[in-house]
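Everything below concerns the one structure shown next.
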Amino acid sequence: MNSKKSISPGSVSLFTLVLPIFFESLFRMLVSSIDTFMLSSYAQEAVAGVGLVAQYMFFIQLLFNIVCIGAGIVLAQYLGAERHEEAGLIAQAGAVMSLLLALLVTLSVLGGSWWLLSLYPLEPKVHTFAWQYFSIFGGFGSVFIAFNMYQVTILRTYGFTRDTMYISIIANLINVLGNSLALYGWFGIPVTGVVGVAVSSVVSQIAAVMMTRYRIKAHRSIVFRQQGWRTVPASIYRKILEIGVPSAGEALSYNVAQIMIMAMVATLGTYAMSAQVYAQTLVRFVFVAALSVGTGAQIKTGYYVGAKQPEEAYKRVYLYQLGGTLISIGLVLILNLCKRPLIGIFTQEQEIATMVYNMLFVSFYLETGRSFNLITIPALKGAGDVQFPVIVGIISMWGLGVLGAWFLGLHFGLGLVGVWLAVGTDETLRGITMLFRWKSKRWMTKAIV
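Under the UniProt record's numbering, the first residue of the sequence shown carries the number 1, and numbering increases by one thereafter.
Okay, here's the thing in structure tokens:
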């Protein structure tokens, strides 16, 4: 008899799952902006160097997400089926895979970061700052980043999203405090610059790992043993990879596509690039809401499918989608109503402000479509239907998003409005396709358990 507390698919409401995820994401975005501001007060070369490394750190997190996404989806279905001992094996397998992947990343960064950064035509000071941050945070910190991400996935999948919210807030505050000590020399501590900032980032990740581990052990319902990992069947590892690899590949493709679009925007001039950055910064606060709903929808769908209640999932996801889309539209409306004071925070240049005004208006179209993808696609993946959204997504984001941005923005001369219309068309048509996929119920044949 399993002594662990059972988890019913309906035991955790979507609201309970989503609200902490939303505030956690919101807080992380705010702290990221604070980090950039603090570095800018130290040296512009530091901002440039750390900013360059941030692209590679994001790629490293995508690699770790292979395990997090795969294990999270498989785990949710096993929990829905109330197969808790097997859920424990999934948690063990994911931990082993996270460790191996993190060690590989650590060796790669420590051995190749100097050479990699030398490929860029950087000023010596920028190169040094970039290497210091990359080798410390990306090298020595990778194991802790991987385990923090993975243990957060475990807690979220079991429904303990409030824990991850508090842990994220504490860890980020530790990071900000460490940055302050490193850059401002409080209490007579020597200013250590970028090295100190990197060490602060590692320390915050270590603290997060310790806190997530403590909370996992505190919840009796979570089966996550460290012993006996050698006995985990190979089929468990295979299931995690079958879900995780395509999902991470789609995320990588999306971000490369965004880099291509930004390169096109760069040809429109400095004002256009600034307007793009400001507009993206504002709408990020819109789609983080849909992103949070999507994360909750993925977990709930996994519960229902694992519990052999696909019809319940079918009905619920429509409600999740409706709620998420209405929230997105409401937030875009607020942005447009408050656009002048908001944009005034970033710039007083009227030409840039006008560009941002136009993009915020187009964001009614873009963010409505994006909400479909951020909610329905995770629901499909939560049901085990991974291949279809990944294939359609890659074709659409390049065929409509990137190519469309070139045609409308550059070829037909519509500028940033054309670029955003193209991206909105990609998001909207892809989202409609995903809704039809959900309506077809083909995903009901893709259950993992």
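The beta carbon of each residue, even a glycine, is placed where N, CA and C say it ideally should be.
Computed from a predicted model, the values in this text were never measured in an experiment.
A direct Cα-to-Cα measurement between Ala-46 and Leu-122 gives close to 12 Å. In the displayed model, Glu-123 falls within coil according to three-state DSSP, outside both helix and strand. In the three-state reduction of the DSSP assignment, Gly-159 falls in the coil class, being assigned neither a helical nor a strand state.
With fewer than 16 other Cβ atoms inside 10 Å of its own Cβ, Gly-399 counts as exposed.
Positions of the alpha helix (DSSP H) runs, each at least 4 residues long and wholly inside the stretch 284 to 364, are given as 310 to 337, 339 to 346 in order along the chain. Secondary structure of Ala-383 (DSSP, three-state): coil. Excluding its 5 nearest sequence neighbours in each direction, Ala-171 has C-beta neighbours in its own chain below 6 Å: Ser-204, Ala-207, Ala-208, listed in chain order. With three or more CB-CB distances shorter than 8 Å, the stretch 308 to 323 counts as touching the stretch 435 to 448. Note on geometry: alpha-carbon atoms of Gly-111 and Ala-248 lie some 24 Å from one another. Beyond the five residues adjoining it in sequence on each side, Val-223 comes within less than 7 Å, by CB distance, of Lys-4, His-84, Glu-85, Ala-87, Gly-88, Ala-91 in the same chain, given in chain order. CA-to-CA, the gap between Ile-189 and Ser-118 works out to about 32 Å. The Cβ atoms of Leu-374 and Gly-418 lie no closer than 9 Å to each other. In the displayed model, Ser-11 falls within coil according to three-state DSSP, outside both helix and strand. Within a 10 Å sphere around the beta-carbon of Arg-284 sit fewer than 16 other beta-carbons, which makes this residue exposed. Of Val-126, Val-195, Gly-294, the smallest CA-CA separation from Gly-138 is found for Val-195.
Shortest Cα-Cα distance from Arg-156 to any of Leu-116, Leu-380, Gly-302, Ile-432 involves Gly-302. Glu-45 carries a helical assignment under DSSP once its states are collapsed to helix, strand and coil.
Residue environment for Ile-60: buried (at least 16 other C-beta atoms within 10 angstroms of its C-beta).
Looking only at Gln-348, Lys-125, Ala-279, the smallest Cα-Cα distance to Ala-43 is reached by Lys-125. Relative to the Cα of Met-211, the nearest Cα in the group Gly-72, Gln-151, Ser-135, Thr-192 belongs to Gln-151.
The three-state secondary structure of His-219, taken from DSSP, is coil. Burial check for Pro-341: the Cβ neighbour count within 10 Å stays below 16, so the residue is exposed.
If the five residues before and after Val-67 are omitted, its C-beta is found closer than 7 Å to the C-beta atoms of Gly-94, Met-97, Ser-98, Leu-101, Tyr-150, Ile-240, Gly-244, all from its own chain and listed in chain order. For the pair Val-305 and Ile-448, the CB atoms are nearer than the 9 Å cut-off.
A distance below 9 Å separates the beta carbons of Tyr-320 and Val-293. Taking Pro-378 as the centre and dropping the five residues before and after it, the same chain places the C-beta of Gly-294, Ala-297, Gln-298 closer than 6 Å to its C-beta, in chain order. Spatial neighbours of Arg-225 in its own chain (CB-CB distance under 7 Å, excluding positions within 5 residues in sequence) are listed in chain order as Gly-88, Gln-92.
When Leu-39, Glu-349, Ser-113 are compared, the shortest CA-CA separation from Met-57 is found for Ser-113. Here Thr-347 really is in contact with Ser-274; their C-beta atoms are around 7 Å apart, less than 8 Å. Between the alpha carbons of Ser-168 and Gly-413 lies a distance of about 44 Å. Rounded to whole angstroms, the separation of the alpha carbons of Leu-116 and Tyr-166 is 36 Å. Exclusion of the five residues before and after Gln-276 leaves Val-265 as the residues of its chain whose Cβ lies within less than 6 Å of its Cβ.
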